[in-house]
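Engineer: Numbers in this note's numbering are just positions in the sequence shown, counted from 1, shifted up by 135. All residues carry an ideal CB built from backbone N, CA and C; glycine is no exception.
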Amino acid sequence: MPLALENRYKRALQMNRRTFLKIASMGSVAFTTGCTAKPGDHLFAMVKSAEDMVAGEPVWYATTCRECPAGCGTLAKNREGRVIKLEGNPLHPVNGGALCVRGHAALQGVYNPDRLPAPQLKTENGWKEISFLKAEEMIRQKAEAAAKGGANRISMITETVGQTQLALFSMVLNHFGSGAPIVFEPFAHEALKFAYKAILGTPLLPVLHMDRADVLVGFGADFLETWLSPVEYARKFKEMHAVQDGCKGMFVQVSPFQSLTGANADRWIGCRPESEAAVIMGLIRIVAGDEKSRRISGNLRDALYSLSADYTPERVAKVSGIKPEDLAAVGKRLIAARHPLVLGVGTAGGEHSAAAELAALFLNLCLDSELSLFDFDNHHRVEIAGRRVELLEALQAMASGPVELVFLNNVNPVFTLPDGRRVADTLTDRGRFVVAFSNFMDETSQCADLIVPFQLALERWDVYESHTASLSTLQPAMGRITQAPDVGDLFIQMLPSAKRPAENYQQLAAQTLLSSPEHSSYGRWLESVQRGGRFTDQKPSSKTLKLNSNATGTLKRLLSALPEPANAQHLLVSPSIRFFDGRGADRPWLLEIPDTISQIAWVSPALVHPEAMAAAGIKDGDVISIKSAAAKIEVPAYAYAGVFPGTVVVPAGLGHTAMGRWGTGQGVNPIKALNS
């Protein structure tokens, strides 16, 4: 940042808030929030309020939701120094004013009585509360001692964060002779990224122009619930599905389970679990073999037609349970569409999912060789999440290597991984010191030696790339209720003064926001924070797709390695629209809101086909046992016709053994019954 600009920035911190409000048309920037050391200066009561506050009059702050990697824009309603309501930011390009139930419930994370007020140090006699100053000094000493032992003595696992914070983490780890952090997300969309890498050479997660499609066919991607950016795609689906000029788009969902997304389809077709790849190959055979359709030609069309030749309607029906006439009807719709779009299987992993995602991308190429509904200049931030095997390799390095210090930034792999017990054993090994940056005592943080609470999204400054084409801002929307630091400030303090990228993380975030030449002035910075980010209009890409000629060979190998789907009972663990991967399970609002499909609250239901229930003599609410090679769980069963016969669906998110008074002991965790 230029010196003159830096001086203007410092003067902005001293700006009278009443003066600023006079020039702001929407919201405000909490310049002075968190600047002093006394907590009493930040919570305002009716008898003594900040000079810009009017008792009973709310002030709105534009910031960014961080309840999932999507990064929707939010408006925080502040009254007398406290945020009391969250709404969607209508100016934000991701959510356009809407906000999901998890975004609304973010408020309960701030005021949760189980939120840790101070660092917790594990001792022989249990947890001991220490000061933030002592915790920061302890972390610095442990890092310096680990670095003296050699290279790669520090390991870090973090949630999806903005590029500014991720670069800071890497800078600090590099200073201490260690590699970059591992970005861990339970729903990392690995199969989808694998498909893009196989065909285009890079593991992308591009934004989709779903709103421009006229026929949409999905195979389980629950874009109205948890897939990629659900609020964004709910908005785009509404546009696509609305009646315009007497016509409306059509949506067909083919999946083993009719989720909320499938319930909103014009037609839902049930299929056997792990048979989606065969269904998609059957559609490729129909589309590629249609004489009137020449959207794709040459070697690729010939290769796909040859590869799909064996997937006749009869074979697909045998494998998937879908009637040949239903398969033909879907294929006919896709051929007749002007702007068709095909979605894959969603967040599921494994070889079946990889084959299905790759086949779905090839089907899109058959329908539109330019992939014009794919925005390859604009990606979802969760794209940076690493593969699960990378995390497992890091854990193996901890168990057998020289790692002496481990940082865990707001992650809970002990709960969200099938083999969580092995993760816990690795973290609790006394040969290393584990620091968890966490506000709650969950399954992973209780394995740490030191737990350090940090400022939540509504309390801190930051920038976050919701899309690569937009830079969303976070600002303190309320007074501080704890003395917790920003994680960014803590990491900056770990560096020597001469190597620090900024005086504090607030200044570092401002530098990122001001890095663009057209947004380098103080006025543009002020406007960006007021609007909730720096948003630019994206022009259509002129890039030419370069397809990997060996991609069809990859698909052939995947398909040949897949076993025929069996008729045995199949456990399907679905992401939860309320709890996501389990991080929202301690929010009473989310617990007491009935599930949109089952209309059941507080417990983990097992959704079973009514015919299977009747055959087994099971009634709604009866507890059934589900046993796999990994574990045995007991859950109440409920009849639901939107489940393929032979399939039992249990939503994820509940079953915590440690997550405060509301999250602990509610429901079961079906993830532990899956193969690792």
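Comparing C-alpha positions only, which one of Met306, Phe497 and Asn213 sits nearest to Tyr196?
Structural biologist: Numbered from 1 along the sequence shown, position 61 holds the residue referred to as residue 196. Ranking Met306, Phe497 and Asn213 by Cα distance to Tyr196 puts Asn213 first.
Engineer: Compare the C-alpha of Gly739 against each of Ala774, Ala787, His705 and Phe319 and name the closest.
Structural biologist: Looking up residue 739 in the sequence shown gives position 604. Strictly speaking, residue 739 in this sequence is Ser, with Gly absent from that position. Of the candidates Ala774, Ala787, His705 and Phe319, the one whose C-alpha sits nearest the C-alpha of Ser739 is Ala787.
Engineer: From Asp228 to Trp362, what distance separates their C-alpha atoms?
Structural biologist: Translated into positions along the sequence shown, residue 228 becomes position 93. Translated into positions along the sequence shown, residue 362 becomes position 227. Reading the sequence as shown, one finds Pro at residue 228 and not Asp. About 17 Å.
Engineer: Tell me whether Arg595 sits in a helix, a strand or coil according to DSSP, three-state version.
Structural biologist: For this step, residue 595 is matched to residue 460 along the sequence shown. If DSSP states are grouped into helix, strand and coil, Arg595 belongs with coil.
Engineer: Roughly how many angstroms lie between the CA atoms of Gln646 and Asp597, to the nearest whole one?
Structural biologist: By 1-based counting over the sequence shown, the position of residue 646 is 511. By 1-based counting over the sequence shown, the position of residue 597 is 462. About 11 Å.
Engineer: Go to Asp461, then tell me how far its alpha helix (DSSP H) extends in each direction, as first and last residue.
Structural biologist: Position 326 of the sequence shown, counted from the start, is the residue given in the question as residue 461. It spans Pro459 to Ala471 - the alpha helix (DSSP H) in which Asp461 sits, taken as one unbroken run.
Engineer: Bridge partners of Asn213, per DSSP?
Structural biologist: As a first step, residue 213 is located in the sequence shown; it is residue number 78 there, counting from the start. Asn213 pairs with Val194 and Val218.
Engineer: Can you give the Cα-Cα distance for His514 and Gln298, rounded to whole angstroms?
Structural biologist: Against the sequence shown, residue 514 aligns to sequence position 379. Against the sequence shown, residue 298 aligns to sequence position 163. When rounded, the distance between both Cα atoms is 13 Å.
Engineer: Output needed for Pro254: all residues of its chain with C-beta closer than 8 Å, excluding positions within five of it in sequence on either side, in chain order.
Structural biologist: For this step, residue 254 is matched to residue 119 along the sequence shown. Answer for Pro254: Glu264, Ile265, Ser266, Phe267, Lys269, Ala270, Leu585, Ile586, Val587 and Pro588, listed in chain order.
Engineer: Below 6 Å CB to CB, which residues in the same chain sit around Ala281 once its five sequence neighbours on both sides are set aside?
Structural biologist: Here residue 281 refers to the residue found at position 146 when the sequence shown is read from its first residue. Excluding positions up to five away in sequence, the list reads Arg288, Ile289, Glu539 and Leu540.
Engineer: Alpha carbon to alpha carbon, how far is Cys406 from Gly777?
Structural biologist: Here residue 406 refers to the residue found at position 271 when the sequence shown is read from its first residue. Here residue 777 refers to the residue found at position 642 when the sequence shown is read from its first residue. For Cys406 and Gly777, the distance between alpha carbons rounds to 11 Å.
Engineer: Can you tell me the Cβ-Cβ gap for Asp564 and Ala520, rounded? I've got them flagged as a contact below 8 Å.
Structural biologist: On the sequence shown, position 429 is the one that residue 564 refers to. On the sequence shown, position 385 is the one that residue 520 refers to. That pair is no contact at about 26 Å.
Engineer: Using C-beta distances below 6 Å, list every residue in its chain close to Glu141, excluding the 5 sequence neighbours before and after it, in chain order.
Structural biologist: Along the sequence shown, read from residue 1 onward, the residue named residue 141 stands at position 6. At Glu141 the pLDDT is 34, less than 50, meaning the model places this residue with poor confidence and gives no usable figure here.
Engineer: Would the beta-carbon of Asn812 fall within 8 Å of that of Thr199?
Structural biologist: The question about residue 812 has no answer here: the residues shown for the chain are numbered 136 through 811.
Engineer: Can you give the Cα-Cα distance for Lys371 and Asp401, rounded to whole angstroms?
Structural biologist: As a working note, residue 371 is residue 236 in the sequence shown. As a working note, residue 401 is residue 266 in the sequence shown. Taking the straight line joining both Cα atoms gives about 16 Å.
Engineer: Whose C-alpha, out of Tyr368, Lys220 and Ala494, is nearest the C-alpha of Val347?
Structural biologist: Start at 1 with the first residue of the sequence shown, and residue 347 comes out as number 212. It should be pointed out that residue 347 corresponds to Arg in this sequence rather than to Val. Its Cα nearest to that of Arg347, the residue Tyr368 stands out among Tyr368, Lys220 and Ala494.
Engineer: Just checking my contact of Phe568 with Lys277 at CB under 8 Å: how many whole Å lie between their CB atoms?
Structural biologist: The sequence position of residue 568 within the sequence shown is 433, counting from 1. The sequence position of residue 277 within the sequence shown is 142, counting from 1. Indeed, because the Cβ distance is near 5 Å, the residues count as touching under 8 Å.
Engineer: Between which two residues does the alpha helix (DSSP H) containing Gln393 stretch?
Structural biologist: Residue 393 sits at position 258 when you count from the first residue of the sequence shown. From DSSP, Gln393 is part of no alpha helix (DSSP H); its letter is neither H nor E.
Engineer: Buried or exposed: Asn309, going by 16 or more other Cβ atoms within 10 Å of its Cβ?
Structural biologist: Reading the sequence shown from its first residue, position 174 is the one you call residue 309. Exposed, because fewer than 16 other Cβ atoms sit within 10 Å of the Cβ of Asn309.
Engineer: Rounded to the nearest angstrom, what separates Leu327 and Leu359 at their Cα positions?
Structural biologist: Against the sequence shown, residue 327 aligns to sequence position 192. Against the sequence shown, residue 359 aligns to sequence position 224. C-alpha separation (whole angstroms): 17 Å.
Engineer: In the DSSP assignment, the alpha helix (DSSP H) including Ile415 goes from what residue to what residue?
Structural biologist: For this step, residue 415 is matched to residue 280 along the sequence shown. Element bounds for Ile415: Glu411 to Ala423.
Engineer: Measuring from the CB of Glu259, is there a heavy atom of the ligand SAH at a distance below 7 Å?
Structural biologist: The ligand SAH is absent from the structure shown, which contains no ligand whatsoever.
Engineer: Would you report the Cα separation of Gly238 and Gly284, rounded to the nearest angstrom?
Structural biologist: Here residue 238 is taken as the residue at index 103 of the sequence shown, counted from 1. Here residue 284 is taken as the residue at index 149 of the sequence shown, counted from 1. Each residue's alpha carbon lies about 43 Å from the other.
Engineer: From Asn230 to Ala766, what does the alpha carbon distance come to, in whole angstroms?
Structural biologist: What you label residue 230 is simply residue 95 of the sequence shown in a count that begins at 1. What you label residue 766 is simply residue 631 of the sequence shown in a count that begins at 1. Using only the alpha carbons, I get a separation of about 39 Å.
Engineer: If you scan the segment 499-575 from start to end, which runs of the beta strand (DSSP E) of 3 or more residues do you find wholly inside it?
Structural biologist: 509-514, 540-544 and 568-572
Engineer: Check the DSSP bridge columns for Gly668 and list the partner residues they point to.
Structural biologist: Position 533 of the sequence shown holds residue 668. BP columns for Gly668 point to Ser607.
Engineer: Can you have a look at Ser163 and say buried or exposed, based on whether 16 or more other CB atoms are within 10 angstroms of its CB?
Structural biologist: Along the sequence shown, read from residue 1 onward, the residue named residue 163 stands at position 28. Unreliable placement is indicated for Ser163, whose pLDDT of 41 sits below 50; the coordinate value is still reported in the next sentence. With 16 or more other Cβ atoms within 10 Å, it is buried.
Engineer: DSSP on Pro636, reduced to helix/strand/coil?
Structural biologist: In the sequence shown, the residue the question calls residue 636 occupies position 501. Here Pro636 sits in coil by DSSP.
Engineer: Taking DSSP as the reference, what is the three-state secondary structure of Phe744?
Structural biologist: The count along the sequence shown starts at 1 and reaches residue 744 at position 609. The question names Phe, but residue 744 is His in the sequence shown. It is coil, neither helix nor strand.
Engineer: Excluding the 5 residues flanking Lys257 on each side, which residues of the same chain have their C-beta closer than 6 Å to its C-beta?
Structural biologist: Locating residue 257 in the sequence shown gives position 122, where the first residue counts as 1. Hits under 6 Å: Asp584.
Engineer: By how many angstroms is the C-alpha of Lys754 removed from the C-alpha of Asp512?
Structural biologist: Translated into the one-based positions of the sequence shown, residue 512 becomes position 377. Translated into the one-based positions of the sequence shown, residue 754 becomes position 619. Per the coordinates, the alpha-carbon of Asp512 lies some 52 Å from the alpha-carbon of Lys754.
Engineer: Run through DSSP, which three-state label would Val784 get?
Structural biologist: Stepping through the sequence shown from its first residue, residue 784 is reached at position 649. Three-state DSSP puts Val784 in a strand.
Engineer: DSSP three-state call for Cys203: helix, strand or coil?
Structural biologist: For the purposes of this step, residue 203 is taken as the residue at position 68 of the sequence shown. Correct three-state label for Cys203: coil.
Engineer: Pro448 and Ala463 look like a contact to me (Cβ under 8 Å); what is the Cβ gap, rounded to whole Å?
Structural biologist: Residue mapping note: residue 448 aligns to position 313 of the sequence shown, counting from 1. Residue mapping note: residue 463 aligns to position 328 of the sequence shown, counting from 1. Rounded, the Cβ-Cβ distance is 7 Å, consistent with contact.
Engineer: Which word fits Lys383, buried or exposed, when buried means at least 16 other C-beta atoms lie within 10 angstroms of its C-beta?
Structural biologist: Sequence index remark: in the sequence shown, residue 383 carries index 248 (1-based). The residue is exposed, with fewer than 16 neighbouring Cβ atoms inside 10 Å.
Engineer: In three-state DSSP terms, what is Met161?
Structural biologist: Position 26 of the sequence shown holds residue 161. Bear in mind that a pLDDT of 41 at Met161, under 50, signals an unreliable position, so the number given afterwards is only what the model happens to contain. Of the three classes helix, strand and coil, the one that applies to Met161 here is coil, per DSSP.
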